[in-house]
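Trainee: Residue numbers (our numbering): 38 to 174.
Handing you a structure now.
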Amino acid sequence: MKISTLRNDRKPKLMIIPMIDIIFFLLVFFMMSTLYMVEQHTIPLNLPQASAQTVQTEESISITVLPSGNVLFNNEEELTLPMLKKRTQLALHNNKESAFVLHSDKQAEYGKVVAILDELKLAGVTKIAIATDRKER
């Protein structure tokens, strides 16, 4: 004869959905917090604006023209125009498919930008892009 008890013999259930929510919250928290841990070295530039904009995905070499007219290669070394040509040829020797992105401030002299473009062409560069900001409509 079976004796009935008031106890329920159901096994406890593990609620997985709230645990997944907490894990995703922690993941987002740590991703966002690591963004502020990385020190970013940037040069303040006022780029010209353009309506059409393309995104460059491959590794590129940055050439920056500051408002003072100084030229930076990969945001590190300051170069003159003849040195820029030699440095560009060295970069092309290491990787023939290198793409160069020209960052020029709005206040930089137009003649300086044209001279840099000429030096890049003389050095044998075939992939040149000019960086711009998206124009607000």
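We put the CB at the ideal spot given by N, CA and C, even for glycine.
Since we're looking at a predicted model, the values are computed, not measured.
What are the boundary residues of the alpha helix (DSSP H) that includes L51?
Mentor: Where L51 is concerned, there is no enclosing alpha helix (DSSP H), given that its DSSP letter is neither H nor E.
Trainee: What is the C-beta distance between K176 and L72, in whole angstroms, given that I count them as a contact (C-beta under 8 Å)?
Mentor: This structure cannot speak to residue 176, because the chain is shown only from 38 to 174.
Trainee: For H140 and F67, I'd like the C-alpha separation in whole angstroms.
Mentor: The straight-line gap from Cα to Cα measures roughly 33 Å.
Trainee: Is there contact between the region 128-145 and the region 96-103, where contact requires at least three CB pairs shorter than 8 Å?
Mentor: At 8 Å Cβ cutoff, the stretches touch.
Trainee: Which of the three DSSP states, helix, strand or coil, is assigned to D142?
Mentor: Looking at D142 - three-state DSSP - the assignment turns out to be coil, as it is neither helix nor strand.
Trainee: Helix, strand or coil: which one does DSSP assign to T71?
Mentor: DSSP places T71 in helix when its eight states are reduced to three.
Trainee: Could you tell me the alpha carbon to alpha carbon distance between K48 and I59, rounded to whole angstroms?
Mentor: If I take the Cα positions, the gap works out to 24 Å.
Trainee: Let's test the definition: count the other Cβ atoms within 10 Å of the Cβ of T163 and tell me whether it reaches 16, buried, or not, exposed.
Mentor: The residue in question, T163, is exposed, as its Cβ has fewer than 16 Cβ neighbours within 10 Å.
Trainee: What are the start and end residues of the beta strand (DSSP E) that includes R166?
Mentor: Position check: residue 166 holds Ala in this sequence, whereas Arg was assumed. Start and end: I165 to I167.
Trainee: Inspect the beta-carbon positions of I53 and V102 and report whether they are closer than 8 Å.
Mentor: Cβ distance not < 8 Å, so I53 and V102 don't count as in contact.
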